[in-house]
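See structure below.
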Amino acid sequence: MAIDKAKVLKSAEKFIASGKIAQAIEEYLKILKENPKDWNLMIQIGDLCLKINKTPDAIQQFQRVADHYYADGFFLKAIAIYKRINKLDPSLTDICIKLADLYLKQGLTMDAKTQLQVVAQHYVSKNQTKDAIQTFQKLVEIEPDNLKIRNELARAYKAEGMLSEAIKEYLEICDELSRKNLWKESLAVLDTAHKLDQKNSLILRKLLSTYHELGDSAKGTALLEETLKQDPSSPEVLSLLAETYADRNQFQRAQETIDKAILGTPNKEPLWTLKGDLFLRGGDLDRAYAQYSLVVERLIQKKETEKAVALLQKVTAHDPTYHPALQRLVEVHTVSRNEGQIIAACNALVDAYISKAMYLDASKYLDKLIHYEPENVQHQEKLEFVRSFLDKPKAGAPQKAEAPPPSPPQPKTLEVAMIPEEIATEDFEISIDLQPEESVELDEPPAPSFEPPPPIAAEPVPVVTVDQNAMETPIPARNFRVPPQQQQPKAVSPSVAVATLQVSDEEKEFVSEHLIEAEVFTKYGLIDKALEQLQIIVAKFPNSLMARQKLKEIYLEKGDRDKAVEE
């Protein structure tokens with residue numbers, strides 16, 4: 001049954017006039033029950049509740065009104081009601097959070113910050129760490145440069161066991177302090193972060209930088225060496241230590257350290273890059289390029305050509321005429337089919353070749369440029385210029401001697417030298433089948449004249465001479481027996497000996513890396529550098545068959561038969 005609103009209001013007013021506030025409230029509540037969205041009446045009821053010290057009931061009424069205004073977008077009205085509630089009870093965190101949100105909507109940043117700080121401290125005092133973290137995060141969003149708030153957030157993360165988040169905040173604080181040149185304060189923050197994760201490479205790197213700014217680089221190096229004792233094979237710490245040695249111009253020590261790091265990790269690309277950077281700092285472009293080439297090959301496989309180009313450009317930035325890197329740039333741009341970059345790299349490469357009087361190579365890439373830009377007259381003119389040098393004989397070059405008349409055919413002879421040290425104690429057969437008009441093909445072309453090696457034993461070496469022209473039938477197999485006094489113990493072939501050895505993981509990694517470098521150097525004609533890499537392998541692992549085989553091939557290509565025989 002509907003109430004008579006006018007009658008109820010008149011009754012409530014009488015109660016108020018006579019000071020009977022509680023009875024008046026009851027009358028108003030009857031009306032509110034019939035009309036629950038009478039917001040003005042709610043405020044009136046709240047005011048009456050305050051008169052009789054019923055603060056919780058008053059807050060309840062006020063909050064209903066404020067929530068309505070907030071939901072409907074009447075933010076200023078909502079702020080006014082929430083502020084009344086906040087004065088009645090500042091510990092109501094929900095009200096503080098809503099006020100902060102409304103202040104932000106109205107652009108009142110400092111008012112919002114004040115409310116959130118109250119909320120955060122309340123949560124901290126009640127050990128409500130998760131709630132405190134959320135509040136501090138909002139404060140950081142409002143004021144990112146407030147290091148005190150960031151420090152509170154980091155401490156809250158730490159208390160909650162969120163160590164990676166805590167470290168991130170500490171590093172943000174460190175960066176801000178560093179920008180202000182507050183190095184001692186930065187070091188204190190980094191020490192706190194370092195205690196949370198002593199192997200974190202980013203923390204260690206910032207510690208090194210801070211010690212350097214404070215003029216105490218040696219302390220940074222000592223810290224790394226101490227950290228390395230806990231994990232001697234840590235590639236992150238080793239690479240940092242290598243950089244530290246390089247900063248102190250201890251390049252040899254830096255290279256040894258980075259080699260150790262490379263052996264201890266499957267993720268070698270960053271370390272190869274770092275090693276290349278170290279060589280570059282030391283001015284060794286050839287070895288820097290060799291290291292970068294290892295990374296470039298993998299980047300191309302991953303189709304990350306932009307990164308590959310950036311690495312190669314590190315070398316050309318030091319020397320714009322370094323043709324191996326320019327040649328590789330042409331190849332990389334060709335893979336990515338970037339015609340504009342191909343042309344630019346070819347132009348640079350041609351200029352580099354001309355500056356080094358490598359005219360034949362220059363002409364090849366000029367032909368490529370003409371293919372891409374047939375209308376470009378400069379390419380044609382440059383090609384004519386280059387060919388003018390190719391057509392001229394080099395000054396001081398020896399003239400070709402006329403070929404002597406052919407000598408009359410001589411009887412073909414075959415000398416067989418028997419060296420006692422290489423003959424086993426048991427009987428064996430040597431079967432020589434020589435056919436007239438057949439030639440024996442060797443791996444290497446025979447020298448014009450051949451002198452048999454000097455005998456190894458003191459006794460003269462017997463030599464058998466066979467006149468092939470006089471023979472009509474193959475020589476039958478013959479048995480040779482070494483007299484007892486000349487018998488030697490059976491020699492084991494070096495290659496067999498090497499094959500029976502157990503190869504360690506360290507040797508595999510070390511040999512593989514230096515062999516790749518040697519291949520890169522060989523590809524671009526840097527033979528001396530290739531030999532240097534192979535000799536590094538042999539110095540550390542004398543029984544490395546792969547290294548010695550490669551040495552033999554290079555010596556043969558150079559025409560150094562004596563060294564090839566040694567290998």
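Per this note's numbering, the sequence shown starts with residue 1, numbered consecutively.
Just so you know, even glycine gets a beta-carbon here, dropped at the ideal spot from N, CA and C.
Asked: Threonine 109 (DSSP reduced to helix, strand or coil); Found: helix
Asked: Option in Phe75, His122 and Glu375 with minimal Cα separation from leucine 108; Found: Phe75
Asked: Candidates Asn543, His514 and Leu545: closest to glutamate 532 by CA position; Found: His514
Asked: Spatial distance of leucine 207 from leucine 224 (CA atoms); Found: 10 Å
Asked: Whole-number beta carbon distance between leucine 274 and serine 239, since they are thought to touch under 8 Å; Found: 5 Å
Asked: Straight-line gap, arginine 568 to alanine 317 (C-alpha atoms, nearest Å); Found: For residue 568 there is no data in the structure shown, the boundaries of the chain being 1 and 567.
Asked: N- and C-terminal bounds of the alpha helix (DSSP H) containing lysine 199; Found: Premise fails: lysine 199 is in no alpha helix (DSSP H) and is neither H nor E.
Asked: Sub-8 Å separation of threonine 257 and leucine 241 beta-carbons; Found: yes
Asked: Boundaries of the alpha helix (DSSP H) in which tyrosine 322 is found, first to last residue; Found: Unbroken run through tyrosine 322: none, as it is neither H nor E.
Asked: Rounded straight-line distance, which links the Cα of valine 520 to that of glycine 283; Found: 19 Å
Asked: Alpha-carbon to alpha-carbon, alanine 66 and glutamine 121; Found: 25 Å
Asked: Of the listed residues Tyr322, Lys368, Thr321 and Gly220, nearest to threonine 334 (C-alpha basis); Found: Lys368
Asked: Status (buried if at least 16 other CB within 10 Å, exposed otherwise) for glycine 161; Found: exposed
Asked: Spatial distance of lysine 54 from leucine 29 (CA atoms); Found: 15 Å
Asked: With 16 other Cβ atoms within 10 Å as the buried cut-off, status of valine 119; Found: buried
Asked: Outcome for tyrosine 372 when other beta-carbon atoms lying within 10 angstroms are tallied against a minimum of 16; Found: exposed
Asked: Spatial neighbours of leucine 116 in its chain, beta-carbon cut-off 7 Å, leaving aside the 5 residues before and after; Found: Ala100, Thr135, Lys138 and Leu139
Asked: Where the alpha helix (DSSP H) containing phenylalanine 75 begins and where it ends; Found: 75 to 88
Asked: C-beta contact flag for proline 324 and tyrosine 292 at 8 Å; Found: no
Asked: Sequence-distant residues of the same chain with beta carbon closer than 6 Å to leucine 50, five excluded per side; Found: Ala58
Asked: Isoleucine 95 at chain B interface by Cβ criterion, 8 Å; Found: Looking at the structure shown, chain B is missing, and only one protein chain is on hand.
Asked: Contact set for aspartate 131: own chain, Cβ-Cβ below 7 Å, skip 5 residues either direction; Found: Tyr123
Asked: N- and C-terminal bounds of the alpha helix (DSSP H) containing glycine 220; Found: 217 to 230
Asked: Closest by C-alpha distance to lysine 314, when choosing among Ala12, Gly46, Leu278 and Asp191; Found: Leu278
Asked: Aspartate 568 classed as buried or exposed, judged by whether at least 16 other C-beta atoms fall within 10 angstroms; Found: Here the chain has residues from 1 to 567 only, and residue 568 is not among them.
Asked: Cutoff 6 Å; reference glycine 46; Cβ partners in own chain excluding five residues on either side; Found: Ala58, Gln61 and Phe62
Asked: Rounded C-alpha distance that separates threonine 244 from serine 201; Found: 13 Å
Asked: DSSP three-state assignment for phenylalanine 541, whether helix, strand or coil; Found: coil
Asked: Residue closest to proline 232, alpha-carbon to alpha-carbon, out of Lys260, Arg561 and Pro90; Found: Lys260
Asked: Backbone CA spacing between valine 538 and aspartate 528 [nearest angstrom]; Found: 15 Å
Asked: Exposure of valine 377, with buried meaning 16 or more beta-carbon neighbours within 10 Å; Found: exposed
Asked: Counted within 10 angstroms of its Cβ, other Cβ atoms place valine 511 as buried (16 or more) or exposed; Found: buried
Asked: Own chain partners of alanine 345 with C-beta closer than 7 Å, once the 5 adjacent residues on each side are dropped; Found: Leu326, Leu329, Val330 and His333
Asked: Beta-carbon contacts of aspartate 361 that lie in its chain and below 7 Å, excluding the five residues immediately before and after; Found: Tyr353
Asked: The segment 159 to 178 contacting the segment 190 to 198, beta-carbon criterion three pairs below 8 Å; Found: yes
Asked: Span separating the alpha-carbon of glutamine 23 from that of glutamine 128; Found: 42 Å
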